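Residue numbers (our numbering): 79 to 372. All residues carry an ideal CB built from backbone N, CA and C; glycine is no exception. Only a predicted model underlies this, so the values are computations on that prediction, with no experimental measurement involved. Right, one structure below, let's go through it.
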Amino acid sequence: MPNVNLKNQLHLHLIVFIWGFTAILGQLITLQALPLVFTRIAIGISVILFYLLIKKKNLAIAPKDIFRFFIFGFVIALHWLTFFYAIKISNISITLACISTGAFFTSILEPIFYKRKFILYEVLLGCLVVVGLLLIFQFETQYKMGILVALTSAFLSASFSIINGKLANSHDSVVISFYELVGGLFILACFLFFQGGFTVANFNFQPNDYIWLGILGSICTAYPFIATIDIMKYLSPYTIMLTINLEPIYGILLAVFLFKDQEKMTPAFYFGALIILLTVLLNAYFKNRKKASV
């Protein structure tokens with residue numbers, strides 16, 4: 079079992095690095111958030127469906143399960159929508175720093191979903207996250223709306239992680255991914271339809287958009303989406319969310335390297351972000367001590 083856990087943890091780190099690159103793609107793609115996410119999911123569904131056909135997997139499941147997966151797909155679609163919208167109205171660094179609060183939200187939601195007691199150090203680490211956020215809020219006032227949208231995205235991400243943690247053993251992970259993405263595509267299609275968003279202006283692809291969207295929909299969506307659900311069979315939602323907190327490190331470093339001045343922030347931002355990311359290391363330390371004492 080230790081070798082299985084190590085393998086899945088390393089796999090998860092690879093996925094988190096890919097997700098860090100997702101933020102870069104969100105900046106490079108010229109589409110607005112809604113058509114961007116709609117196109118991303120459509121490509122992801124196509125790749126997964128192709129995979130299902132090759133593997134000859136059976137998509138037949140109970141209608142009540144399909145409905146549940148559709149509902150959960152709404153959550154991930156809204157998470158992606160708020161994530162990319164936050165990037166568009168602020169920048170990559172702000173968005174990724176706020177996404178790190180997913181572990182804080184998970185520490186509150188997981189005991190409720192799994193009916194276990196709250197763990198004191200998780201709550202204390204959550205308070206550290208709040209301190210880091212207050213620093214960012216205080217000195218990056220021009221990005222307040224982006225921060226609020228990114229925090230909403232983090233909450234949705236934590237909710238989705240916990241939901242899929244409970245579903246991971248009920249059905250094949252690829253089948254779950256397919257129906258969840260179809261559900262996400264459906265809700266976004268409804269948004270676009272009622273907003274009159276299916277227009278050439280909204281889907282005005284620039285030449286490079288085709289390349290970036292292809293990478294986003296396949297490598298950054300279909301592959302990690304399937305793999306993460308499978309990993310959830312072996313790792314707890316809180317561990318997964320803590321590892322996902324490393325996404326800002328990869329993403330911010332890539333953003334500063336690629337976009338330079340556009341991503342430069344105040345010293346207070348980096349101090350606040352450092353406090354948030356410090357919770358990852360502290361949690362790992364506490365969890366290792368707990369396991370060692372068992």
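As assigned by DSSP and simplified to three states, the class of residue i
i: residue 218; result: coil
i: residue 91; result: helix
i: residue 83; result: helix
i: residue 343; result: coil
i: residue 142; result: helix
i: residue 153; result: helix
i: residue 314; result: coil
i: residue 195; result: coil
i: residue 100; result: helix
i: residue 110; result: coil
i: residue 281; result: coil
i: residue 324; result: coil
i: residue 329; result: helix
i: residue 350; result: helix
Nearest-angstrom Cβ-Cβ length linking residue i and residue j, presumed shorter than 8 Å
i: residue 170; j: residue 351; result: About 12 Å separates the two Cβ atoms, so there is no contact after all.
i: residue 157; j: residue 95; result: About 19 Å separates the two Cβ atoms, so there is no contact after all.
i: residue 377; j: residue 326; result: Because the chain in this structure spans residues 79 to 372, residue 377 falls outside the shown range and cannot be described.
Range covered by the alpha helix (DSSP H) that runs through residue i
i: residue 138; result: It is not in any alpha helix (DSSP H) - residue 138 carries neither H nor E in the DSSP assignment.
i: residue 185; result: 180-192
i: residue 287; result: 285-295
i: residue 252; result: 251-272
i: residue 168; result: Here residue 168 belongs to no alpha helix (DSSP H), and DSSP marks it neither H nor E.
i: residue 73; result: Lying outside 79 to 372, the shown extent of the chain, residue 73 is not represented and no answer is given.
Closer than 7 Å to chain C by CB, residue i
i: residue 156; result: Protein chain content of the structure displayed is limited to a single chain, and chain C is not contained in it.
Local Cβ density within 10 Å of residue i, reported as buried at 16 or more and exposed below that
i: residue 223; result: exposed
i: residue 285; result: exposed
i: residue 136; result: exposed
i: residue 278; result: exposed
i: residue 118; result: buried
i: residue 298; result: buried
i: residue 113; result: buried
i: residue 194; result: exposed
i: residue 242; result: buried
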